[in-house]
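First comes the structure, then the notes that go with it.
In the UniProt record's numbering, the protein residues as written are 1 to 221.
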């Protein structure tokens, strides 16, 4: 009697009861992006750290460029087609909500996913006016109006980040599982094959080296 081994089952056995759903390059982008905004925000009003503030702001722009490319040619789970696909269901969701007869019948899980997609899209799109206005301020262009605009976008971005974290906490509580852990470990508990086949470690290393190289060049040149 012969036995055929499924490669997917071998992977699951090797990793216990978890499966990979997020690659290292995407996770690295996420944490570099978060670090850059946090660092830029806390140094915004410290004149002697203005160089750090500017360098981290431009880092966000560079990381946005990577994310755009990654969203076009990267793994399926990070492509913009998936994000836009979620957002395209927004109108249908609202139409469905209009016709439900009870709160319990509202498709809450789909609504949570749509809201998360909106927040992610907002965090990406707002980088352009945030960094663009920062560039003008740094080059003494636009005067007080641009300075006020830059401060506005900075505060708006912060509140969206806070909302993003709050939404993660709320959804984790409602679903009784930590939905943030895949952005740390890349894995979720449960049997089954890995949804992401390659960890993209080379891209992750290039991201880190690119950011560190930029920081060293811009701060110590």
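Even for Gly, the Cβ is constructed at its ideal location relative to N, Cα and C.
Boundaries (first-last residue) of the alpha helix (DSSP H) holding residue i
i: residue 91; result: 90-98
i: residue 43; result: Counting along the chain, residue 43 falls outside any alpha helix (DSSP H), and DSSP gives it neither H nor E.
i: residue 178; result: Element bounds for residue 178: n/a, residue is neither H nor E.
i: residue 221; result: Neither: residue 221 is in no alpha helix (DSSP H) and is coded neither H nor E.
i: residue 129; result: 127-138
i: residue 69; result: 50-73
i: residue 83; result: 80-87
Heavy atom of the ligand HEM within 7 Å of residue i beta-carbon
i: residue 86; result: With respect to the ligand HEM, the structure offers nothing, as it holds no ligand at all.
Buried/exposed call for residue i, threshold 16 Cβ in 10 Å
i: residue 95; result: exposed
i: residue 9; result: With a pLDDT of 41 at residue 9, under the threshold of 50, the modelled position of that residue is not reliable, and the figure given next carries that caveat. Answer is exposed; the Cβ neighbour count stays below 16.
i: residue 26; result: buried
i: residue 15; result: Summary for residue 15: the model assigns pLDDT 42, below 50, so the residue's position carries little reliability, and this model does not support an answer.
i: residue 36; result: buried
i: residue 104; result: exposed
i: residue 148; result: exposed
i: residue 67; result: buried
i: residue 13; result: Caution applies to residue 13, whose pLDDT of 40 falls short of 50 and renders its modelled position unreliable; the model cannot decide the point.
i: residue 171; result: buried
i: residue 100; result: exposed
i: residue 74; result: buried
i: residue 212; result: exposed
i: residue 130; result: buried
i: residue 186; result: buried
i: residue 190; result: exposed
i: residue 65; result: exposed
i: residue 108; result: exposed
i: residue 152; result: exposed
i: residue 143; result: exposed
Start and end residues, beta strand (DSSP E) containing residue i
i: residue 101; result: Per DSSP, residue 101 belongs to no beta strand (DSSP E) and is neither H nor E.
i: residue 17; result: Unbroken run through residue 17: none, as it is neither H nor E.
i: residue 182; result: Element bounds for residue 182: not the beta strand (DSSP E) but the alpha helix (DSSP H), 182-185.
Residue i vs residue j beta-carbon contact at 8 Å
i: residue 219; j: residue 52; result: yes
i: residue 38; j: residue 127; result: no
i: residue 201; j: residue 24; result: yes
i: residue 298; j: residue 204; result: The question about residue 298 has no answer here: the residues shown for the chain are numbered 1 through 221.
i: residue 156; j: residue 116; result: no
i: residue 125; j: residue 164; result: no
i: residue 80; j: residue 72; result: yes
i: residue 136; j: residue 160; result: no
i: residue 57; j: residue 40; result: yes
i: residue 121; j: residue 173; result: no
Expected contact under 8 Å - CB spacing of residue i and residue j to nearest Å
i: residue 54; j: residue 188; result: No, residue 54 and residue 188 are not in contact; Cβ-Cβ is about 38 Å, not under 8 Å.
i: residue 93; j: residue 63; result: That belief does not hold up - the Cβ atoms of residue 93 and residue 63 are roughly 30 Å apart, past 8 Å.
i: residue 183; j: residue 30; result: 6 Å
i: residue 196; j: residue 77; result: 6 Å
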